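K.L.:
In this note's numbering, the protein residues as written are 4 to 319. We put the CB at the ideal spot given by N, CA and C, even for glycine. The structure presented is a predicted model; accordingly, all values stated were derived computationally and were not measured.
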């Protein structure tokens, strides 16, 4: 894929979520506010057709408190196509859940993931990783047995976004309040710390796994990190409230969601320049890229009646 030559084709649809895979929808985004809040009584795991953006299925999480009607609200979502399951983080409940992709059946709720935030699947190594923001822990689960198999706590860490190198099994976590990445190599419980930008909250990898990219929330930048040397090689301003990052493996470009500015910035990371900025719905939260198409989920706003998904076709 070459450099973007013209405007991306962006479609915005109401009450939609991530294309081609189930995603969560609840009253709150992936915020890090630990204040006590009212119980969540409505949350949905939606399966969406990536071509039409029509909802194919709507799965309801289980009730956790019959007295209040609270449900196990869905926040982070990851799909395991190898085992036909969907994994979710349930931040309010400090748990991780597993659902059947085919039927939506709730298969398991796995406890002790304190302020569970993001989740990522390593299909090659039959592993799912979740970040426990509340106590600085990275928790691994076996995708075949649905049981916890590893737990690494980093004292003083605040892990948020996750990505995994499926070739090596190495996990990378954005450490929000320590301006660094946590690298955890497969088979090791000793983390390596790598400098990143100002409050990195999301991380993705280059196709060859040699570089990492972080969305830096405070500075509104994308940081390019050389993983071998352990240094930041570039910092590109993208917009206010940089919150989520994804790599387009076809072109090598990187997309950054800027929540406050309500847009997505496409960056040529080799040159360190912005190629294009695309408007999205209000308060965009997350971006995923699949087969040359980006899907951006937003958290609407107080005045909006529904959340939306913005589909961006990335030009060759």
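(1) Taking its Cβ as the centre, do 16 or more other Cβ atoms sit within 10 Å of residue 105, making it buried, or is it exposed?
(2) Hey, residue 217 and residue 243: beta-carbon distance below 8 Å or not?
(3) Would DSSP call residue 49 helix, strand or coil?
(4) Whose CA, out of 146, 245, 193, lies closest to the CA of residue 100?
(5) Could you check the C-alpha separation between residue 206 and residue 163 for me, to the nearest Å?
(6) Taking a contact to mean a Cβ-Cβ separation below 8 Å, would you say residue 248 touches residue 259 in this structure?
(7) For residue 225, which three-state DSSP category applies?
(8) Is DSSP giving residue 94 helix, strand or coil here?
(9) Can you name the start and end residues of the beta strand (DSSP E) that residue 76 belongs to?
(10) Which class does residue 181 belong to by DSSP, given the choice of helix, strand or coil?
(11) Sort 63, 203, 301, 187 by Cα distance to residue 133 and report the nearest one.
(12) Tell me, to the nearest whole angstrom, how far the beta carbon of residue 315 is from that of residue 281; I am working on the premise that it is less than 8 Å.
(13) Any idea what DSSP makes of residue 36, helix, strand or coil?
(14) Starting from the C-beta of residue 96, find all residues in its chain whose C-beta is less than 7 Å away, skip the five residues before and the five after it, and write them out in chain order.
(15) Along the chain, where does the beta strand (DSSP E) that runs through residue 243 open and close?
(16) In chain order, which alpha helix (DSSP H) runs of at least 4 residues are fully inside the stretch 140-190?
(17) Pull up the CB-CB distance for residue 160 and residue 153, whole angstroms please, since I reckon it's below 8 Å.
(18) Considering only residues of the same chain and omitting the five flanking positions on each side of residue 117, which have a CB-CB separation below 8 Å?
(19) Just how far apart, CA to CA, sit residue 287 and residue 300?
(20) Can you say whether residue 110 is buried or exposed, counting buried as having 16 or more other CB atoms within 10 angstroms of its CB?
(21) What does residue 103 pair with, by DSSP beta-bridge criteria?
P.N.:
On the basis of the supplied data:
(1) exposed
(2) For residue 217 and residue 243, no; Cβs fall outside 8 Å.
(3) Looking at residue 49 - three-state DSSP - the assignment turns out to be strand.
(4) Out of 146, 245, 193, 146 has the C-alpha closest to the C-alpha of residue 100.
(5) 9 Å
(6) Contact flag set, yes.
(7) Per DSSP, reduced to three states, the secondary structure at residue 225 is strand.
(8) helix
(9) Careful: residue 76 lies outside any beta strand (DSSP E) and carries neither H nor E.
(10) helix
(11) 187
(12) 6 Å
(13) Reliability of the predicted coordinates at residue 36 is poor, the pLDDT of 48 falling under 50, and the value obtained from them is presented with this limitation in mind. Looking at residue 36 - three-state DSSP - the assignment turns out to be coil, as it is neither helix nor strand.
(14) 67, 75
(15) That residue, residue 243, is in no beta strand (DSSP E); it is neither H nor E in DSSP.
(16) none
(17) The pair is not a contact, with the Cβ atoms about 16 Å apart (cut-off 8 Å).
(18) 97, 135, 136, 137, 138, 140
(19) 6 Å
(20) exposed
(21) 88
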